[in-house]
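Right, one structure below, let's go through it.
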Amino acid sequence: MTSHHSIPGTVPFGPEEAMKGYALNRMCYSFNAGECRKAFLADEEAYMAKYGLNDQQKAAIRARNVLQMIAAGGNAYYLAKLAGIFGLNMQDIGAQQTGKSVEEFKAYLQSFASKNEMVMKGGKNV
Amino acid sequence: MSKILGSVSTSHIPSIGKAIALKLQQDAYWKPFFDGFHKVHSWIAEQKPDVVVVVYNDHGLNFFLDKMPTFAIGAAQSYATADEGWGIATIPPVAGDAKLSWAIIEGVVEDEFDVVTCQEMLIDHAVTIPLQLLWPDLLPPPVKIVPVCINTVQHPLPTAKRCLDFGKAIGRAIHAYGSNQKVMVLSTGGLSHQLDGERAGFINADFDAECLHALINTPEDLTKYSIHQLVELSGTQGLEVLNWIVGRGILGAKAEEMHRNYHIPISNTASAIQILQAV
Chain A
11 MTSHHSIPGT VPFGPEEAMK GYALNRMCYS FNAGECRKAF LADEEAYMAK
61 YGLNDQQKAA IRARNVLQMI AAGGNAYYLA KLAGIFGLNM QDIGAQQTGK
111 SVEEFKAYLQ SFASKNEMVM KGGKNV
Chain B
70 MSKILGSVST SHIPSIGKAI ALKLQQDAYW KPFFDGFHKV HSWIAEQKPD
120 VVVVVYNDHG LNFFLDKMPT FAIGAAQSYA TADEGWGIAT IPPVAGDAKL
170 SWAIIEGVVE DEFDVVTCQE MLIDHAVTIP LQLLWPDLLP PPVKIVPVCI
220 NTVQHPLPTA KRCLDFGKAI GRAIHAYGSN QKVMVLSTGG LSHQLDGERA
270 GFINADFDAE CLHALINTPE DLTKYSIHQL VELSGTQGLE VLNWIVGRGI
320 LGAKAEEMHR NYHIPISNTA SAIQILQAV
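Residue numbers (the working numbering), protein chains in the order written: chain A, 11 to 136; chain B, 70 to 348.
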C-alpha cells in the first residue's frame, strides 16, 4: 500500500478496513431486506452472533456509536442502513461524530452557504 | 451513428428522494435546490434524448464488498429498484437499452477497459433520484438507460485519469454505434461532502468551484489529484466527483456550460447541478 499523510478525522475505507469490517458491513448489507431488519430489532445479540461480529463491533453497535463502528471497520455506505433502523438521519449522525448538538451541526453546515454565490458565479478561478 | 447531446450532472442525496415523496419542492429549505432543475427540464425538452447513460456509484444495493467491481456496466432490458434499508420508496423498473450497453461494453473492452457486465442489476437511489429530478411525475421516465457503476466505496479506487479515460472510451463506443439515437449522459453524486468520522460535515466550496470549472473544458486539470488528495479536498463521499469525471470524458473534447446550480447545504452535502452541451 502507498503510505500517505493522514487526513484528520478521516478513515478512507481501504484494504485494512475492508478485512477488519467485513462481518459488520455484511450484517448492515443484510438490512436491505425488511425481514432482516425485523430480525435484528427482535434480537440484536442473536443477529450479531449470526453474522459473526467480533467483540469490538458488537460493543459499537450496542453503544449506537458511529465512530466506534468506523474504528471497527464499518463503511459509511453500509452503516447508513443501520442508521435507518435506528431512525437517525445524517445530521444526527454528523452531530454524534463531531460532538456537536444536532442544531450546532446544522449551523455548521449552514456556515458554508456564504460560498454559494461565489460558486454559482463561476468561482474564484474563473 | 449515435449522437451524444451533452450531460446533466447532479447530486443524488437520499433525502432528496424523501423531499420528492413529501412534495417539498417549494419548501424554503428545498426550493433553492429544486429550482435548479427548471433549466434542466427545458434543456431536455429541447434535446429529446432517447437513451441516458447514467454514471453513478452503488450504495450497497446491487454490489456488496464480497465482489466489488471497479467499473461495471449494466446490459439488461430492464432495471429494477429495491428496498435500500432506510426507507426510500421503490419505483417501477426502468427500461434498459441492452444493445447499446453491449456496444459500449465491446468498445471499452477493445479499448482495454475490462469491465464487469451485468445482465441483472438493481439500480439504487443514485440512479432513481436523478431520473425523478429530470422527469418529475414520469415513472418510469420516457427514456432507456445504460447504467455505468463506478467504485467509489472501497479503496483502491480508479484514479481520476483512469475515470476520464474510461469516459472517453465510452464516448468513442457510442459514436461508433450504428443507430440514430440521441444519447444523453447523466452523472450523479457529490459534490463535496463527508458523512463519516470526526471530519463529518466537511464541505469545500472552493474545490467544488474548481471542479465545476475544470469539468467544462479542462477536465485533465483534475487528473493531477491522487485519490488521497481528492478525499482531503472533497471528503470521503465527495469522491463521487469521479462519476462526474467519467461522464465528462464521454462528451469528447469540447463542451459548453449551459447551466449551473450550487447550493449548500442539502443534508450534509454541497449540492450541485451542471448541464454541459457537447460541442
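Backbone N, C-alpha and C fix where the C-beta goes; we use that ideal spot for every residue, glycine too.
At a cut-off of 9 Å between C-beta atoms, residue 112 of chain A does not count as an interface residue with respect to chain B. Between residue 281 of chain B and residue 229 of chain B, the CB-CB gap reaches or exceeds 9 Å. Counting along the chain, residue 197 of chain B sits inside the alpha helix (DSSP H) bounded by residues 194–203. In the structure shown, the three-state DSSP call for residue 325 of chain B is strand. With the rule of 3 Cβ pairs closer than 8 Å, the stretch 233–240 of chain B counts as touching the stretch 314–324 of chain B. Beta-bridge analysis with DSSP links residue 187 of chain B to B:143. In chain order, 261, 302, 303 place their CB closer than 7 Å to the CB of residue 276 of chain B, counting only its own chain and leaving out the 5 sequence neighbours on each side. When DSSP states are grouped into helix, strand and coil, residue 165 of chain B belongs to the strand group. The three-state secondary structure of residue 158 of chain B, taken from DSSP, is coil. Counting along the chain, residue 75 of chain B sits inside the beta strand (DSSP E) bounded by residues 72–79.
Per the DSSP secondary-structure output, residue 217 of chain B pairs in a beta bridge with B:124, B:142. The Cβ of residue 106 of chain B sits no closer than 9 Å to any Cβ of chain A. Taking a 10 Å sphere around the C-beta of residue 279 of chain B, we find 16 or more other C-beta atoms and assign the residue as buried. Counting of Cβ neighbours within 10 angstroms places residue 293 of chain B among the exposed residues, the total staying below 16.
Note that the C-beta distance between residue 23 of chain A and residue 305 of chain B is below 9 Å. In this structure, DSSP gives residue 348 of chain B a state outside helix and strand, which the three-state scheme calls coil.
In this structure, residue 199 of chain B keeps its C-beta atom at 9 Å or more from the C-beta atom of residue 300 of chain B. Only residues of its own chain outside the window of five on either side were considered, and among them 148, 150, 163, 216 have a CB closer than 7 Å to the CB of residue 192 of chain B, listed in chain order. In this structure residue 112 of chain B does not touch residue 332 of chain B by the C-beta definition: roughly 19 Å separates them, more than the 8 Å allowed.
Separation of residue 252 of chain B and residue 120 of chain B (C-alpha to C-alpha, rounded to the nearest whole angstrom) is 5 Å.
Between the stretch 162–178 of chain B and the stretch 81–98 of chain B, the count of Cβ pairs shorter than 8 Å is below three; the stretches do not touch. Note: residue 222 of chain B is not bridge-paired with any residue in the DSSP secondary-structure output. Residues of chain B whose Cβ lies closer than 7 Å to the Cβ of residue 19 of chain A are, in chain order, 266, 267, 268. Counting along the chain, the unbroken alpha helix (DSSP H) around residue 89 of chain A starts and ends at 86–96. Residue nearest to residue 227 of chain B within the set B:137, B:343, B:272 is B:137 (criterion: CA-CA distance).
With fewer than three CB-CB distances shorter than 8 Å, the stretch 105–123 of chain A does not count as touching the stretch 42–62 of chain A. Judged by DSSP secondary structure, residue 287 of chain B falls outside any beta strand (DSSP E); it is assigned neither H nor E. As DSSP reads the structure, residue 330 of chain B sits in a beta bridge with B:342.
Identification of chain B residues near residue 93 of chain A by a Cβ-Cβ cut-off of 8 Å yields 155, ordered along the chain.
The stretch 103–112 of chain B makes no contact with the stretch 71–83 of chain A: fewer than 3 CB pairs, one atom from each, lie closer than 8 Å. In the three-state DSSP reduction, residue 137 of chain B falls in the coil class, being neither helix nor strand. For residue 306 of chain B, the C-beta contacts it makes with chain A under 9 Å involve 86, 87, in order along the chain. Excluding its 5 nearest sequence neighbours in each direction, residue 141 of chain B has C-beta neighbours in its own chain below 7 Å: 184, 185, 187, 218, listed in chain order. In terms of beta-carbon proximity, residue 301 of chain B lines the interface with chain A, with at least one pair separated by less than 9 Å. Only those residues of the stretch 321–333 of chain B whose C-beta falls short of 8 Å from the nearest C-beta of chain A are listed: 329, 330, 331, 332, 333. Here DSSP, grouped into helix, strand and coil, assigns residue 314 of chain B to helix.
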